[in-house]
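Participant: A single structure is presented below for examination.
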Amino acid sequence: MNLTAESSTRLSGRDLIMNTLNGLSIGIIVALVPGALLNQLLKALLPVFPQAAFFLTLTGMAAVLMAPISAVCVGMMAGFSPIQTSSLALAAIAGAGNFQLRGATYTVAGSGDVINIAITIMIGYLIIALLGQTLKAYTILLIPLLVLIIAGGIGVLTLKPVGQLTQLIGMGIEQLTQLQPIVMGVLIGMVFAVLIVSPISSVGIAAAIGINGVAAGSANLGIVAASFALAIYGWRVNSVGTSLAHFLGSPKMQMANILSRPKLIVPVTLNAGIMGGLGALFGVAGTPMSAGFGFAGLIGPIAAVNGYGAANLLNIGLVTLLFFVIPIALGIASNYLFNSRFDYFDSRDFELDYS
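Below you can see the structure in the form of structure tokens.
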């Protein structure tokens, strides 16, 4: 439906923030889940099935289009018209920063800066909501232009300072790697659990600071703990597919719920701290590319097996225990304590409705 001038007057800050966060969460899942599910399997098949490269290209295309996909989801949640929604998508592309002009050619790499995408979408959202249908017959001419130039232009300008903020966060996290191994593992696990449900890219932070070895393994296990915990906390109110998407895809889908109720992060980070400490204790290793992914695509478990140097039954069994059995057990235990016993949260706090 179209957003009328009357509806724009009822716009609240909460509507703007929650619609943006919810839409962004859905967009991230839609764009990144195909790659998370298939990429590792397809890469393994390449030597015997080179045609798999075609499917890798498709999942890569989906990932680089995360910004406009997220903007479309936000527009649908806000009830914007097709013109307004597609205009928001254009601005999001400008603010993402993953499209770069090289001479006379555009190159694209990565999914873009999630924080800056959110900022750009919010500005575009505000412009569209304030203008509503006041432009009447000129809407199709002016809305795409105004949203792209104003919101997209501001997004381009904020890209560098937002990137510097991300680097600053990365530098702070890097200092944790200098601590005693188990203490480091606990703190790294907790920090990456927070990152994975925030607009900040855990993968981007991991790559920026070059986190490696046991620190990368602890980071990955922190995300694994968060993924399984969030799936279990909301399993009563979410569909089976939505619950599975928390760890097969990304727990970032809970971003809006967590940011609107910050206390929900407490049990998640406790689980993540335990898993991060266990990762350090058992010498689970990772790479800068595996650290920010968690269980998705089996990237973390595969990196952990490789880190042990041999894919024997003992190592595979230990990785299965650390990346699957214990996180699920911790999720069930903390759900009992914080939900049933202490009444700290309710399953409905983690409800996701994608209908």
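Letter by letter, the sequence shown follows residues 1 to 355 in the UniProt record's numbering.
Using N, Cα and C, we set each Cβ at its ideal position, and we do this for glycine too.
As the structure is a computational prediction, the values presented were derived from the model and not from experiment.
I believe Met-184 touches Ala-280 by the beta-carbon criterion, under 8 Å. Please report the beta-carbon distance rounded to the nearest angstrom.
Facilitator: Met-184 to Ala-280, Cβ: 6 Å. Contact.
Participant: For Asn-315, which residues of its own chain have a beta-carbon under 7 Å away from its beta-carbon, when the five flanking residues on both sides are left out?
Facilitator: Closer than 7 Å at the Cβ level, and outside the excluded window around Asn-315, lie Val-305, Tyr-308.
Participant: Do Pro-251 and Ser-218 have their beta-carbon atoms positioned less than 8 Å apart in this structure?
Facilitator: In this structure, Pro-251 does not lie closer than 8 Å to Ser-218 by Cβ.
Participant: Within 10 angstroms of its Cβ, does Gly-277 collect 16 or more other Cβ (buried), or is it exposed?
Facilitator: Classification for Gly-277: buried.
Participant: Can you round the beta-carbon distance between Ala-92 and Ser-70 to whole angstroms, since I take them to be within the 8 Å contact cut?
Facilitator: Contact flag correct, Cβ pair sits at about 6 Å.
Participant: What residues in its chain sit with their C-beta under 6 Å from that of Tyr-106, if we drop five residues either side in the sequence?
Facilitator: So the list reads Phe-99, once near-sequence residues are dropped.
Participant: Under three-state DSSP, which class holds Gly-294?
Facilitator: In the structure shown, Gly-294 sits in coil (DSSP, three-state: anything other than H, G, I, E or B).
Participant: Residues in its own chain within less than 8 Å of Leu-88 by CB, not counting five upstream and five downstream?
Facilitator: Within the same chain, Leu-88 has close Cβ partners Ala-71, Val-72, Val-74, Gly-75, Phe-80, Ile-121, Gly-124, Tyr-125, Ile-128, Val-147, Ala-151.
Participant: Can you give me the C-alpha to C-alpha distance between Ile-232 and Asn-335, rounded to a whole angstrom?
Facilitator: Taking the straight line from one Cα to the other gives about 7 Å.
Participant: Would Leu-141 pass as an interface residue toward chain B - the criterion being a Cβ-Cβ separation below 8 Å?
Facilitator: In summary, chain B is missing from the structure at hand, where a single protein chain is found.
Participant: Mind checking which residues open and close the beta strand (DSSP E) that includes Phe-55?
Facilitator: Counting along the chain, Phe-55 falls outside any beta strand (DSSP E), though it belongs to the alpha helix (DSSP H) covering 52-64.
Participant: Check Thr-105 in the structure and name its three-state DSSP category.
Facilitator: Correct three-state label for Thr-105: strand.
Participant: Measuring straight from C-alpha to C-alpha, what distance separates Pro-47 and Leu-38?
Facilitator: Rounded to whole angstroms, Pro-47 to Leu-38 spans 16 Å at the Cα level.
Participant: Taking all protein chains shown into account, do 16 or more other C-beta atoms lie within 10 angstroms of the C-beta of Ala-109, making it buried, or fewer, making it exposed?
Facilitator: Ala-109 should be labelled exposed.
Participant: Would the beta-carbon of Ala-129 be found less than 7 Å away from any heavy atom of the ligand GTP?
Facilitator: Absence of the ligand GTP from the depicted structure is noted, as is the absence of any ligand whatsoever, leaving it without description.
Participant: Might you give, ordered along the chain, the residues of its own chain that have their beta carbon closer than 7 Å to the beta carbon of Val-194, omitting 5 neighbours on each side?
Facilitator: Excluding sequence neighbours, Val-194 sits near Ile-265, Thr-269.
Participant: Can you give, in chain order, each stretch of the alpha helix (DSSP H) that sits fully within the segment 198-245 and has at least 4 residues?
Facilitator: Segments of the alpha helix (DSSP H) lying fully in the segment 198-245: 202-209, 213-233.
Participant: In three-state DSSP terms, what is Phe-345?
Facilitator: In the structure shown, Phe-345 sits in coil (DSSP, three-state: anything other than H, G, I, E or B).
Participant: Is it a yes or a no for the segment 286-295 touching the segment 53-72, going by three-plus beta-carbon pairs under 8 Å?
Facilitator: The segment 286-295 is not in contact with the segment 53-72.
Participant: Could you tell me which of Ala-207, Ala-208, Phe-324, Gly-97 sits nearest to Leu-157, measuring between CA atoms?
Facilitator: It is Gly-97.
Participant: In this structure, does DSSP put Gly-286 in helix, strand or coil?
Facilitator: Note: Gly-286 maps to strand in three-state DSSP.
Participant: Taking just the CA atoms, how far does Leu-318 sit from Ala-215?
Facilitator: Approximately 18 Å between the Cα atoms of the pair.
Participant: Is it buried or exposed for Met-253, if we count other Cβ within 10 angstroms and need 16 for buried?
Facilitator: Classification of Met-253: buried, given that the 10 Å Cβ count is 16 or more.
Participant: For Met-253, report the span of its alpha helix (DSSP H) as first-last.
Facilitator: Note, Met-253: premise wrong, no alpha helix (DSSP H); not H, not E.
Participant: Thinking just about the alpha-carbon of each residue, which of Asn-220, Phe-247, Gly-204 is nearest to the one in Met-275?
Facilitator: Comparing Cα-Cα distances from Met-275 to each of Asn-220, Phe-247, Gly-204, the minimum goes to Asn-220.
Participant: Between Phe-295 and Phe-338, how many whole angstroms is the CB-CB distance? I'm expecting something under 8 Å.
Facilitator: That belief does not hold up - the Cβ atoms of Phe-295 and Phe-338 are roughly 22 Å apart, past 8 Å.
Participant: May I ask you to report which of helix, strand or coil DSSP gives Gln-175?
Facilitator: Reduced to three states, the DSSP call for Gln-175 is helix.
Participant: According to DSSP, simplified to helix, strand and coil, what is Gln-167?
Facilitator: If DSSP states are grouped into helix, strand and coil, Gln-167 belongs with the helices.
Participant: Report buried or exposed for Gln-84, applying the criterion of at least 16 other Cβ atoms within 10 angstroms of its Cβ.
Facilitator: Burial call: buried.
Participant: Beta-carbon within less than 7 Å of Gly-204's beta-carbon, same chain only, minus the 5 sequence neighbours each way: which residues are those?
Facilitator: Correct list, in chain order: Thr-166.
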